[in-house]
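A short worksheet on the structure shown next.
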Amino acid sequence: MTGASGGIGVYIARALAKRGANVICIARSEAALSKVVTEIKLSGGKATSFPFDISKLEELPNLIEQITQTVGGVDILINNAAIEKYSAFQNYYLDDIRSILTTNLMAGMELTRLLLPGMIVRDSGHVVNISSGSGKKGAPYNSIYSATKAGLIMWTDALRQELAGSNVRATVVCPGYTNAGMFMAFGLSAPKMARVSEPTDVANAILHAIERNYGEVMLDGFLTKILFAYIQLVPNFGDRLYRWIGLTKLNQTCATNRMATKG
Ligand SMILES: NC(=O)c1ccc[n+]([C@@H]2O[C@H](COP(=O)([O-])OP(=O)(O)OC[C@H]3O[C@@H](n4cnc5c(N)ncnc54)[C@H](OP(=O)(O)O)[C@@H]3O)[C@@H](O)[C@H]2O)c1
Numbered sequence: 001m002t003g004a005s006g007g008i009g010v011y012i013a014r015a016l017a018k019r020g021a022n023v024i025c026i027a028r029s030e031a032a033l034s035k036v037v038t039e040i041k042l043s044g045g046k047a048t049s050f051p052f053d054i055s056k057l058e059e060l061p062n063l064i065e066q067i068t069q070t071v072g073g074v075d076i077l078i079n080n081a082a083i084e085k086y087s088a089f090q091n092y093y094l095d096d097i098r099s100i101l102t103t104n105l106m107a108g109m110e111l112t113r114l115l116l117p118g119m120i121v122r123d124s125g126h127v128v129n130i131s132s133g134s135g136k137k138g139a140p141y142n143s144i145y146s147a148t149k150a151g152l153i154m155w156t157d158a159l160r161q162e163l164a165g166s167n168v169r170a171t172v173v174c175p176g177y178t179n180a181g182m183f184m185a186f187g188l189s190a191p192k193m194a195r196v197s198e199p200t201d202v203a204n205a206i207l208h209a210i211e212r213n214y215g216e217v218m219l220d221g222f223l224t225k226i227l228f229a230y231i232q233l234v235p236n237f238g239d240r241l242y243r244w245i246g247l248t249k250l251n252q253t254c255a256t257n258r259m260a261t262k263g
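Heads up: the sequence shown at position 72 corresponds to 72 in the UniProt record's numbering, and the numbers run straight through without jumps.
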């Protein structure tokens with residue numbers, strides 16, 4: 001799984017290890033990964049760390065080679081790593097567009113492209129893409145992130161149909177605000193009425209989705225799913241709702257704070 005060094009990824013890695021998986025932990029930060037792997041091993045689980053920058057797409061075949069030589073075939077790929085950069089769209093640099101698209105969308109696609117043939121030959125495997133509520137409704141001031149998360153939803157939807165009739169599966173999971181990871185890093189509160197999930201609940205929902213072969217999972221419950229469906233029919237209602245609950249203002253604040261810390 002990618003993004004195992006921090007945030008929700010740590011909880012997913014722990015949950016997978018508890019179920020007996022040999023967890024392949026990928027992220028850039030070697031020290032943080034090694035902490036996660038040591039913790040899993042101390043509690044009797046199996047895990048191996050592969051420090052790697054997944055945005056280096058051309059080098060991903062080497063990563064897969066290393067993994068298959070060290071631990072063998074991959075049964076479950078969890079594309080969890082992501083970055084976000086809050087900003088008004090006109091203030092982004094081309095490099096921001098490139099880095100967010102590459103890390104959040106293209107790396108997962110490339111890892112899947114490399115691992116899928118083996119899964120198809122074995123007629124067994126599961127690709128799990130971690131999207132977000134931001135993939136269901138555009139997140140103002142986080143628009144590139146939002147586009148990658150929407151991309152993950154539609155790519156998974158298409159992939160699942162291509163794999164129908166085989167035992168290779170594809171699932172997309174859409175967490176909302178979570179009490180760990182990227183959103184908490186801002187030290188701000190979630191908008192009013194927004195549910196905040198515990199990272200253990202997100203991890204358990206991912207495991208449950210793998211075991212039950214769900215196509216798409218939304219963390220915030222069935223009513224939220226219906227709300228997002230309605231918002232797709234009437235986007236202007238969604239825009240007003242986001243302004244009313246304070247999400248638009250909150251994201252604008254994140255963008256302002258980011259610009260301020262950049263100097
Ligand atoms: N937290 C939330 O509220 C929330 C809500 C909805 C959806 N999500 C989704 O849930 C997933 C996990 O989010 P999170 O909150 O746990 O994020 P996070 O705390 O920022 O962690 C992101 C993980 O991705 C890794 N990563 C980033 N760039 C990478 C790269 N180039 N190569 C390899 N690894 C890279 C990071 O490790 P290194 O920095 O060590 O590389 C880290 O382990 C993401 O897909 C996110 O979009 C989160």
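We put the CB at the ideal spot given by N, CA and C, even for glycine.
Sequence-distant residues of its chain with Cβ nearer than 7 Å to residue i (five each side left out)
i, result
"I12", "M1, I78, N80, A203 and I206"
"Y141", "Y86, S87, A88, N251, Q252, C254 and A255"
"A32", "S5 and G6"
"L115", "I64, V74 and L77"
"K18", "G45"
"S49", "C25, L33, S34 and V37"
"L67", "Residue 67 is actually Ile in this sequence, not Leu. Here the set comprises I24, F50 and V74."
"M106", "L57"
Through-space distance from residue j to residue i, alpha-carbon basis
i, j, result
"G181", "G118", "32 Å"
"E110", "L60", "8 Å"
"R14", "G215", "23 Å"
"L188", "S146", "19 Å"
"E211", "A260", "44 Å"
"A164", "K249", "42 Å"
"R28", "D53", "5 Å"
"S124", "S131", "23 Å"
"V234", "N179", "30 Å"
"Q69", "N22", "14 Å"
"A150", "E39", "34 Å"
"G72", "S43", "23 Å"
"S166", "G108", "21 Å"
"Y93", "S143", "13 Å"
"K262", "S197", "30 Å"
"F186", "L247", "14 Å"
"R240", "G20", "46 Å"
"N257", "E162", "43 Å"
"F228", "N236", "12 Å"
"R98", "Q90", "15 Å"
"Q232", "M154", "14 Å"
"S55", "G3", "12 Å"
"I245", "N62", "46 Å"
Beta-carbon gap between residue i and residue j smaller than 8 Å
i, j, result
"P191", "I8", "no"
"A194", "G176", "yes"
"V121", "L159", "no"
"L152", "T102", "no"
"T156", "A170", "yes"
"I100", "I76", "no"
"C174", "G135", "yes"
Residues of its chain near residue i, where Cβ-Cβ distance is below 6 Å and the 5 sequence neighbours each way are ignored
i, result
"V10", "V36"
"F183", "Y177"
"residue 291", "Because the chain in this structure spans residues 1 to 263, residue 291 falls outside the shown range and cannot be described."
"N213", "R169"
Buried versus exposed call for residue i [16 or more other C-beta atoms within 10 Å across all chains shown]
i, result
"E30", "exposed"
"Y230", "exposed"
"L16", "buried"
"M218", "buried"
"A209", "buried"
"A139", "buried"
"I226", "exposed"
"K137", "buried"
"N104", "buried"
Inter-residue CB distance, residue i and residue j (contact presumed, cutoff 8 Å)
i, j, result
"N129", "V168", "Between V168 and N129 the Cβ distance is about 14 Å, and since that is not below 8 Å, they are no contact."
Neighbourhood of residue i by C-beta, 8 Å cutoff - its chain only, sequence neighbours within 5 removed
i, result
"K41", "A47"
"T112", "L77, N79, V127 and L159"
"T224", "G133, G176, R195 and M218"
"D96", "K85, S87 and I144"
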